[in-house]
Amino acid sequence: MAKLKAYTLVFKLIKNCSLVLALEMSIACILAVKLGVQLAEISNLKSPVVSALWCTISTIIVMQATWQKSLEAGINRIIGSGFGSAIPAIFLSYFGTGTTTFVACIVTLVVLCSILNKIDSLRLALLTMAVIYIVCKLNNGLNILDTSFSRFIESLLGIAITMVVRSISIPLHTYVDSVIKTNLDYNIPTK
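Under my numbering, the first residue of the sequence shown carries the number 16, and numbering increases by one thereafter.
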């Protein structure tokens, strides 16, 4: 019985300390960095570091405590990245990278997300837009449309990485939960 209790405590420690989530996050972030750099190299992008960073940020934003929450975060990230990539692509192409254009992008995204009832995607839209704006402002030679499209593709890659890692680890979550539940059924104290 003591051996069973110790066994249960180990699994409770794994669950309570989110060690499975930590493992998932570590694997997903490593993949995001590596695949982000590879994407930049394959696409001949001028900034593989930004590509790796943006994939990793998307991975971190989307990785949540449960599969369902990760899926919801992924959907919000897709919507936010789509809006946040499209608006600066249009505005910066026509009006340049001045402060007025930046403010116009912010106002447009807030109004657009409000009208379309996508407020949960607003912060991600603004974050994407800000990164595109700043990267284009700092590097005048960059093609704005390419930069906007790249940030969107990098977001999709980060989301995909997270969802694949989460899918692969579902059996591990299920196993840890079942071991804890089984041992609770034997009336082993949980605290």
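Backbone N, C-alpha and C define an ideal beta-carbon position, used for all residues, glycine too.
Put S33 into one of helix, strand or coil per three-state DSSP.
coil
Compute the Euclidean distance between the alpha carbons of I203 and P186, then round it to the nearest angstrom.
Below a pLDDT of 50, predicted positions are generally treated as unreliable, and I203, at 48, falls in that range; no measurement from the model is reported.
CB S73 to CB S170, shorter than 8 Å?
yes
Taking 8 Å as the cut-off, decide whether the C-beta atoms of I176 and A88 are in contact.
no
Tell me which same chain residues have a C-beta within less than 7 Å of the C-beta of V125, skipping the five on either side of it?
L137
Considering T112, what are the terminal residues of the alpha helix (DSSP H) in which it resides?
Element bounds for T112: n/a, residue is neither H nor E.
Please report the distance separating the alpha-carbon of A11 from that of C70.
Coverage of the chain is limited to positions 16 through 206, which leaves residue 11 absent and any answer about it impossible.
Looking only at its chain, what residues have a beta carbon closer than 7 Å to the beta carbon of D135, apart from the 5 residues adjacent to it on each side?
N91
Return the CA-CA distance between L50 and S85, expressed in angstroms with no decimal places.
20 Å
What runs of the beta strand (DSSP E), each 3 residues or longer, lie entirely inside the region 91-173?
none
Measuring from the CB of I42, is there a heavy atom of the ligand ATP at a distance below 7 Å?
Looking for the ligand ATP in the displayed structure turns up nothing, as the structure carries no ligands at all.
My output table needs one value for L187: the three-state DSSP class, helix, strand or coil.
Helix at L187.
Between the Cα of I94 and those of T189, M144, L160, spot the shortest distance and give me the residue it belongs to.
Closest option to I94, Cα to Cα, is M144.
Leaving aside the five residues before and after A104 along the sequence, list all residues of the same chain whose C-beta is less than 7 Å from its C-beta, in chain order.
I159, L160, S163
Take T112 and list the residues in its own chain whose beta-carbon comes closer than 7 Å to its own, dropping the five residues that flank it on each side.
Y148, C151, K152
If you check the beta carbons only, do F106 and C120 fall under 8 Å apart?
yes
For I76, is the classification buried or exposed, using 16 other Cβ atoms within 10 angstroms of its Cβ as the cut-off for buried?
buried
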